[in-house]
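In UniProt numbering, the protein residues as written are 1 to 150. Every residue, glycine too, gets a C-beta built ideally from N, C-alpha and C. From a predicted model like this one, the values you see are computed outputs, not experimental measurements.
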Amino acid sequence: MINAAEERRVAFITRLFLARNRYRFAMDDQFKPLGITDATWRTLFYLEQTGDGVLQKDLARVMGIESPGLVRLLDTLEAKDLLVRKPAVNDRRGKTVHLTPQATALLAELHLSAAQVRDQLLENISDTEIQTCITVLDKILDAADRGTQS
Numbered sequence: 001m002i003n004a005a006e007e008r009r010v011a012f013i014t015r016l017f018l019a020r021n022r023y024r025f026a027m028d029d030q031f032k033p034l035g036i037t038d039a040t041w042r043t044l045f046y047l048e049q050t051g052d053g054v055l056q057k058d059l060a061r062v063m064g065i066e067s068p069g070l071v072r073l074l075d076t077l078e079a080k081d082l083l084v085r086k087p088a089v090n091d092r093r094g095k096t097v098h099l100t101p102q103a104t105a106l107l108a109e110l111h112l113s114a115a116q117v118r119d120q121l122l123e124n125i126s127d128t129e130i131q132t133c134i135t136v137l138d139k140i141l142d143a144a145d146r147g148t149q150s
């Protein structure tokens with residue numbers, strides 16, 4: 001039998017997963033008219049954040065996915081002329097990933113749409129509550145990073 005503290009921890013993690021999934025569903029609904037799926041918009045966002053010319057293997061690590069899964073996503077985005085892959089300069093086996101001008105224009109639209117979803121989901125949450133959540137989530141991320149480095 002679990003105690004009250006353990007029950008709260010389970011409830012917290014459960015809600016964390018539920019919130020993540022509902023956020024992704026809301027974003028999917030918002031982006032569907034643009035022909036963008038959950039996996040592809042997340043890839044574009046991560047690629048934008050990591051910077052132009054990131055190695056595929058580094059992008060996979062940042063996204064927390066395996067390289068074969070990323071390759072399929074990159075194939076899809078490349079077929080839509082949203083990115084190009086080039087041989088890496090210092091790694092004969094590696095490839096770098098670059099956003100195209102079409103992707104940059106699409107990302108501007110995606111950011112506007114994402115802001116609408118965020119505003120809707122966070123409208124009843126104060127800045128103080130958001131900062132508290134950021135602090136808690138940073139602690140979870142730090143603990144997870146320490147756990148994967150062991």
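As DSSP reads the structure, P87 sits in a beta bridge with K95. Spatial neighbours of L107 in its own chain (CB-CB distance under 8 Å, excluding positions within 5 residues in sequence) are listed in chain order as L44, F45, E48, L99. The region 79–89 makes no contact with the region 57–68, as fewer than three CB pairs between them are under 8 Å. Remark: fewer than three beta-carbon pairs, one from each stretch, lie closer than 8 Å, so the region 108–122 and the region 86–97 are not flagged as touching. Distance check between R118 and each of I36, E6, M27, F17 places M27 closest, using alpha-carbon atoms only. In this structure, Q56 and L77 do not form a Cβ contact; the two beta carbons are roughly 12 Å apart against a cut-off of 8 Å. Within the DSSP secondary-structure output, V62 pairs in no beta bridge.
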